[in-house]
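Same order as they appear, the protein sequences are chains A and B. For the record, in the first sequence the residue sitting at position 92 is 92 according to my numbering, with numbers rising by one throughout. So the number in my numbering is just where the residue sits in the second sequence, counting from 1, plus 1000. Just so you know, even glycine gets a beta-carbon here, dropped at the ideal spot from N, CA and C. None of these values were measured; they are calculated from a predicted model.
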Amino acid sequence: DTGVSQDPRHKITKRGQNVTFRCDPISEHNRLYWYRQTLGQGPEFLTYFQNEAQLEKSRLLSDRFSAERPKGSFSTLEIQRTEQGDSAMYLCASSPPWGTNTEAFFGQGTRLTVV
Amino acid sequence: AQSVAQPEDQVNVAEGNPLTVKCTYSVSGNPYLFWYVQYPNRGLQFLLKYITGDNLVKGSYGFEAEFNKSQTSFHLKKPSALVSDSALYFCAVRDGPHNAGNNRKLIWGLGTSLAVNP
């Protein structure tokens, strides 16, 4: 499968615990995005990488959230001291460097439930 | 600021009938518009996009969308609905200045749930 891959697909954690999600983009894609989607809502932008550089971070991303893309390939999103309000689907997307308006390709998401 | 509105939370249509899922947008400059579909517990799948050119855009699975600049709309259409088309549909617009070339994050509507009844 050469699409965007996210791991794990589901995560249940207790409030206060830390969690980390991984995203493997399509191999030739240098742009990588994280979005969050809650029930009944459209995706909300969290952060954007071009290669290994994190170029934009949403105000939605509190200090408890951190994302990395150390080698410009896979990315991780960590949430520290999780809260119930963090429960959501976390979506990763990637897009290629060529063209001016190519579409983004999404992974299947990681569903986080904080209990 | 860019924004997208999907005025209908849910659309119901009988199988075989034409369907329309509505989307209106607000942008500064030329709009770059997208439609994605989401099946239960799945990620978002790209359907089609409008960048420039013909106002009628054809996409995956027999879907098409009509760009209407005067009405600032980009409605998704299909001539004959299938039960398997039942899903959540999202309209999105690309954010930011169009000459930036860097961040192409999308601004999304709230989604429209399409139910096709057999």
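Item                                                                                                                                                                             : Value
Could you tell me whether the Cβ of A:G72 comes closer than 8 Å to any Cβ of chain B?                                                                                            : no
Just the chain A side, please: which residues come within less than 7 Å of B:F1090 by C-beta, in chain order?                                                                    : G42
Where A:W34 and A:L60 are concerned, what is the direct C-alpha to C-alpha distance, given to the nearest angstrom?                                                              : 12 Å
With burial defined as no fewer than 16 other Cβ atoms inside 10 Å of the residue's Cβ, what is the status of B:P1018: buried or exposed?                                        : exposed
Nearest by alpha-carbon distance to A:S109: which of A:K14, A:N51, A:S27, A:L77 is it?                                                                                           : Note that residue 109 of chain A corresponds to Gly in the displayed sequence, not to Ser. Looking at the Cα atoms, A:L77 is the closest of the given residues.
Which residues of chain B have a Cβ atom closer than 7 Å to the Cβ of A:Q108, listed in chain order?                                                                             : R1042, G1043
Going by DSSP, what residue range makes up the beta strand (DSSP E) through B:V1004?                                                                                             : 1003 to 1005
At a cut-off of 7 Å, would you count B:A1005 as near the ligand MG, judging by its Cβ distance to the nearest heavy atom?                                                        : Although the ligand MG was asked about, the structure shown includes no ligands whatsoever.
Which ranges does the beta strand (DSSP E) cover as unbroken runs of at least 3 residues, wholly within the stretch 1069 to 1098 of chain B, from first to last along the chain? : 1073 to 1078, 1087 to 1094
Below 8 Å between beta carbons: does that hold for B:V1027 and B:V1011?                                                                                                          : no
I'd like the span of the beta strand (DSSP E) that includes A:E83, first residue to last.                                                                                        : Unbroken run through A:E83: none, as it is neither H nor E.
So which residues on chain B does A:Y33 lean against when the C-beta distance must stay under 7 Å?                                                                               : K1105
Count the other C-beta atoms from every protein chain shown that fall within 10 angstroms of the C-beta of B:D1085, then say buried if there are 16 or more, exposed otherwise.  : buried
Could you round the C-beta distance between A:T82 and A:Q37 to whole angstroms and report it? I think they count as a contact, below 8 Å.                                        : That belief does not hold up - the Cβ atoms of A:T82 and A:Q37 are roughly 17 Å apart, past 8 Å.
Could you tell me whether any Cβ in chain B is nearer than 8 Å to the Cβ of A:A67?                                                                                               : no
According to a CB-to-CB cut-off of less than 7 Å, which residues of the stretch 1046 to 1068 of chain B neighbour chain A?                                                       : F1046, K1049, I1051
Go through its chain and collect everything with a Cβ distance to B:Q1045's Cβ below 8 Å, but skip five positions before and after it.                                           : Y1036, V1037, Q1038, Y1039, S1060
Hey, is B:G1029's beta-carbon within less than 8 Å of any beta-carbon in chain A?                                                                                                : no
Return helix, strand or coil for B:F1032, following the three-state DSSP convention.                                                                                             : Per the sequence presented here, residue 1032 of chain B reads as Tyr, with Phe not at that position. Note: B:Y1032 maps to coil in three-state DSSP.
Can you tell me whether A:W98 is buried or exposed? The criterion is at least 16 other CB atoms within 10 Å of its CB, across all chains shown.                                  : exposed
So, helix, strand or coil for A:S73, using DSSP?                                                                                                                                 : coil
Quick one: list the residues of chain B neighbouring A:E103, beta-carbon separation under 7 Å, in chain order.                                                                   : F1034, F1046, K1049
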